[in-house]
Amino acid sequence: MHPAFSVIFLTTLIGAGQGMFMALVTGQVYSMANLLEAQDNVRFYAMGSLMALVLLGGGLVAAVFHLGKPSYFFTRAWRGVTQWRTSWLSRELIALPAFMLAVFLYGLVHYLGWTGPLFVIKGVIPVDASLIIGTLGVIMAVVLYVCTAMIYASLRFLQEWHSPLTVANFIFFGLASGFTLTAAFSAWSGVGLVGFYGTWAVVFTIVAAITRGFSMLRNSRIKHKSDMRSALGIRHPKITQCSMGFMGGSFNTREYFHGKSPATLEAVRLFFLICVFALPVALLAASNAMQSEYLPILAFVVQYLGLLAERWYFFAEAKHPQNLYYQTVG
Amino acid sequence: MTQLALVIDLNVCVGCHACVTSCKEWNTSGWAGPMVDQRPYDADPTGTFFNRVQTFEVGEYPNTETVHFPKSCLHCEEPPCVPVCPTGASYKREDNGVVLVDYDKCIGCKYCSWACPYGVRELDEMQKVMKKCTLCIDRITDQTKPESERKPACVLACPTSARLFGDVHDPDSEASVAIRERGGYQLMPEWGTNPANHYLPRRKTRIQIFEDELERADNPLDKEHPLPAASGDTLDDVSF
Numbered sequence: 001m002h003p004a005f006s007v008i009f010l011t012t013l014i015g016a017g018q019g020m021f022m023a024l025v026t027g028q029v030y031s032m033a034n035l036l037e038a039q040d041n042v043r044f045y046a047m048g049s050l051m052a053l054v055l056l057g058g059g060l061v062a063a064v065f066h067l068g069k070p071s072y073f074f075t076r077a078w079r080g081v082t083q084w085r086t087s088w089l090s091r092e093l094i095a096l097p098a099f100m101l102a103v104f105l106y107g108l109v110h111y112l113g114w115t116g117p118l119f120v121i122k123g124v125i126p127v128d129a130s131l132i133i134g135t136l137g138v139i140m141a142v143v144l145y146v147c148t149a150m151i152y153a154s155l156r157f158l159q160e161w162h163s164p165l166t167v168a169n170f171i172f173f174g175l176a177s178g179f180t181l182t183a184a185f186s187a188w189s190g191v192g193l194v195g196f197y198g199t200w201a202v203v204f205t206i207v208a209a210i211t212r213g214f215s216m217l218r219n220s221r222i223k224h225k226s227d228m229r230s231a232l233g234i235r236h237p238k239i240t241q242c243s244m245g246f247m248g249g250s251f252n253t254r255e256y257f258h259g260k261s262p263a264t265l266e267a268v269r270l271f272f273l274i275c276v277f278a279l280p281v282a283l284l285a286a287s288n289a290m291q292s293e294y295l296p297i298l299a300f301v302v303q304y305l306g307l308l309a310e311r312w313y314f315f316a317e318a319k320h321p322q323n324l325y326y327q328t329v330g
Numbered sequence: 001m002t003q004l005a006l007v008i009d010l011n012v013c014v015g016c017h018a019c020v021t022s023c024k025e026w027n028t029s030g031w032a033g034p035m036v037d038q039r040p041y042d043a044d045p046t047g048t049f050f051n052r053v054q055t056f057e058v059g060e061y062p063n064t065e066t067v068h069f070p071k072s073c074l075h076c077e078e079p080p081c082v083p084v085c086p087t088g089a090s091y092k093r094e095d096n097g098v099v100l101v102d103y104d105k106c107i108g109c110k111y112c113s114w115a116c117p118y119g120v121r122e123l124d125e126m127q128k129v130m131k132k133c134t135l136c137i138d139r140i141t142d143q144t145k146p147e148s149e150r151k152p153a154c155v156l157a158c159p160t161s162a163r164l165f166g167d168v169h170d171p172d173s174e175a176s177v178a179i180r181e182r183g184g185y186q187l188m189p190e191w192g193t194n195p196a197n198h199y200l201p202r203r204k205t206r207i208q209i210f211e212d213e214l215e216r217a218d219n220p221l222d223k224e225h226p227l228p229a230a231s232g233d234t235l236d237d238v239s240f
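Chains L and U, in that order, give the protein sequences. Mapping of the first sequence onto our numbering: residues 1 to 330, in sequence order. Mapping of the second sequence onto our numbering: residues 1 to 240, in sequence order.
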């Protein structure tokens, strides 16, 4: 498949935004249980929610450029919520704004300081508005991860994507980048949670490395169900194309081929393996040792660049069966 | 239920591309138009087409065969492109099974084209909406035309009658009979899309004759070989 930068930015930005929101709520739950020190409503939770919202909004802007014309966002995109019974893309178009609303409300409640307990469960767990919205938001974040990933994983003849590993990868890459970003945010705003978020970021990065490793292994051994025989219905092992019917290219040659050499693909893979997994873990470990406020930020930047490459590779490694019909210009 | 479809006979297709040009000619000015071209007279011409003819070589020299292969939307009975559409722009007509796109609802997200294993959907570069073969819906449903012209442009243009058009759910239609009697098959059956369009295979007529059927061992006119000498009793020696 031809990697589209609109979708690459959309999936990586909202993935990190969802991860960051889940990190904020995790921190709140930990501090409720007195495992972490409580943080400032405005400076930490409201600002953090704003950052997550900026990432999600950035993803939305990127998505607009995936439409045929950006103007379709205003004139036609509303129809995108109508087919949620059958289309994962439609489900994502519902889940994304709903989740953004939850993040906005979570930030707003913290900003306005409406964090007095509404009621107390069994005399020990004080429940306030932010906890309710936060819990609902976390569920919505998970739903959004699944919707985004299922857009790809549900296409059965794109066999490289058609696997539960695709869903796992989207979730753990999002969590890894989101927790790394929250560690960076904590370091920058002088909050003593760098170690907490950094540890979780490393854990999620390692889990993502395992699931992505399995999916790369799976894809390297994949046996494609379609071949020239089934594409043409001619029972012969040797079928070569003389002509695809045109010479100047078409949508078929532009949309489904990445057009890069195997060496480029290998270089991109090496780049993302280093930048997504190895370097951020090393940088987070180093920041833990040196108490640096810049290293977690660097870790996030490096990991995000790596994730852009990873998502590019994700598209490039998927081989669409229609390519069987477009082998020879002539 | 009616399921209109094409049946393409690979045995008689000569690869002349008349179906390609007649398709573009009809549809660019019809319901699905315009089908715009970019740089049509320059080095890198491209444009929207609903139908293509491709050419393949089967086998290894000297035992090769050239196959011309027309390719357009197969109007699947289980179209994978329809349920993935987020806006409902992609649909399959209830009354005749033709898969169509509502160009006023399409947002050009291209997801349906990813979901088609055959690669028969194209994003129109001018309108920025997804387009595909309509089976000349504006022509086959036009009651003002005589019955003989209510057929897709490609079918009417084909000089060798390699394209049959009809209802593949009606067992007595020309299309169904051709599929049944001439080995009609579907493309990529492994995905369960159940394409309505069928292809008829290349056929060769061979008579099976064995050597001894051509040459009599005891041919009395054979000058080259002596007649087999009689040894032992022959039929003449038997007394009744």
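The beta carbon of each residue, even a glycine, is placed where N, CA and C say it ideally should be.
In summary, L:F74 is exposed, with fewer than 16 beta-carbon neighbours lying within 10 Å of its beta-carbon over all protein chains present. With respect to L:S215, L:L270 sits apart: the two C-beta atoms are not nearer than 7 Å. Under the three-state reduction of DSSP, L:P126 is assigned to strand. Contact between the segment 163-181 of chain L and the segment 112-131 of chain L is absent: fewer than 3 CB-CB pairs across the two stretches fall below 8 Å.
Listed along chain U are D44, P45, T46, each with a C-beta nearer than 9 Å to that of L:G249.
Distance from the CA of U:S173 to the CA of U:D102, rounded to the nearest whole angstrom, comes to 29 Å. In this structure, L:A77 and L:L67 form a Cβ contact; the two beta carbons are roughly 7 Å apart against a cut-off of 8 Å. In this structure, the alpha-carbon of L:R235 lies about 13 Å from that of U:Q186. Note that the segment 35-42 of chain L touches the segment 96-114 of chain L; at least 3 beta-carbon pairs, one per stretch, sit closer than 8 Å.
The beta carbon of L:F185 lies closer than 7 Å to those of G48, M51 in the same chain, with the five residues before and after it left out. Counting only residues of its own chain and dropping the five nearest sequence neighbours on each side, L:W200 has a CB closer than 6 Å to the CB of F179. Assignment of L:F157 by DSSP, reduced to helix, strand and coil, places it in the coil class. Setting aside the 5 residues that flank it on each side, L:P126 is surrounded in the same chain by P117, V120, each with a C-beta closer than 6 Å to its C-beta; the list follows chain order.
The C-beta of U:Y103 comes no closer than 7 Å to any C-beta of chain L. Taking C-beta separations shorter than 6 Å and ignoring five residues to either side along the sequence, the partners of U:A153 in its chain run S22, C23, W26, C136, following chain order.
If the five residues before and after L:C275 are omitted, its C-beta is found closer than 6 Å to the C-beta atoms of V302, L305, G306, all from its own chain and listed in chain order. Secondary structure of L:H110 (DSSP, three-state): helix. Fewer than three beta-carbon pairs drawn from the segment 235-246 of chain L and the segment 91-105 of chain U are found closer than 8 Å, and the two stretches are therefore not classed as touching. DSSP, reduced to helix, strand and coil, places U:D236 within a helical segment of the structure shown. Listed along chain U is no residue with a C-beta nearer than 9 Å to that of L:G190; the closest approach is about 43 Å. Counting along the chain, L:I121 sits inside the beta strand (DSSP E) bounded by residues 119-121. Proximity of the segment 135-150 of chain U to the segment 309-327 of chain L falls short of the contact definition, fewer than three beta-carbon pairs being nearer than 8 Å.
Counted as a single uninterrupted DSSP element, the alpha helix (DSSP H) harbouring L:P280 occupies residues 279-290.
Against chain U, a Cβ distance below 8 Å from L:S230 picks out L187, M188, P189, E190.
Taking CB atoms only, L:N252 has a neighbour in chain U less than 7 Å away. In this structure, L:L273 is the residue among L:N252, L:L273, L:L136, L:Y256 with its C-alpha nearest to the C-alpha of L:A208.
Here U:V82 has S90, Y91, K92, V99, C112 as same chain residues with Cβ atoms under 8 Å from its own Cβ, once five neighbours each way along the sequence are excluded. Non-local beta-carbon contacts of L:A62 in its own chain, meaning distances under 7 Å to residues more than five positions away in sequence, involve S6, F9, L10, L13 in chain order. Interface criterion not met: the Cβ of L:G198 is under 7 Å from no Cβ in chain U.
Within the segment 148-177 of chain L, those residues whose Cβ lies closer than 8 Å to any Cβ of chain U are, in chain order, I151, S154, L155, R156, F157, L158. With fewer than 16 other beta carbons inside 10 angstroms of its own, U:E215 counts as exposed. DSSP places L:A4 in the coil class of the three-state scheme, outside both helix and strand. L:T86 reaches chain U at V82, P83, V84, C85, counting residues in chain order whose Cβ is nearer than 9 Å. Nearest in C-alpha terms to L:V25, of all of L:Y106, L:S87, L:R91, is L:Y106. The bridge partners DSSP lists for U:R39 come to none. Here U:D124 is buried. Its C-beta has 16 or more other C-beta atoms within 10 Å.
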